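Read in order, the letters of the sequence shown correspond to residues 2 to 128 in my numbering.
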Amino acid sequence: CVGFCSSGKAYYIEGGDAWDNQKILGDANLRTRYIASMYWAFTTLSTVGYGDISANTNTERSFAMFIMLIGAVVYATIFSNVSILIQSFDAEHSRLRSKLEELTAFSSFYNVKPELTARVSHYLELE
């Protein structure tokens, strides 16, 4: 994780306490610090927010990241399905418009009676 790497470099270069070396993680091992930085990244990217209650152990952080990932997948699936539904409505409308334009051109070219053209147009709209 870039955040973890940059905070470690800041600690060594600037000689101060980076965010992951402060009291929050204390003298945690490399794995715990990495999971904490990944948790921060997932929380930030999924816009869940940090809130009053946050994950403190590796198990809690891993579970929270998993749930955030599931939430992102569900959101993306719903969004794509709604998008496909809107496109299908537009495609049906375009197809109907095209058929009606062809009917109008056909009727005027062959001098079809307006009453018959209206009946065929009504039929196409009901289809």
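For every residue, glycine included, the Cβ atom is placed at its ideal position computed from N, Cα and C. Bear in mind that the values here come from a model prediction, so they are computed numbers and not experimental data.
In this structure, does DSSP put residue i in helix, strand or coil?
i	result
V113	coil
A73	helix
A56	coil
D28	coil
E128	coil
Tell me the residue span of the alpha helix (DSSP H) that contains residue i.
i	result
T45	31-46
May I have the straight-line CA-CA distance separating residue i from residue j, to the nearest angstrom?
i	j	result
R96	S38	51 Å
S109	T118	10 Å
R62	T45	13 Å
A65	L86	31 Å
S99	Q88	16 Å
F43	N82	24 Å
H94	E103	14 Å
Y76	N30	34 Å
F67	E128	46 Å
N57	D91	49 Å
D28	F80	42 Å
Relative to the ligand SAM, is the shortest distance from any of its heavy atoms to the C-beta of residue i smaller than 8 Å?
i	result
S89	Among the ligands in the structure shown, none appear at all, so the ligand SAM cannot be discussed.
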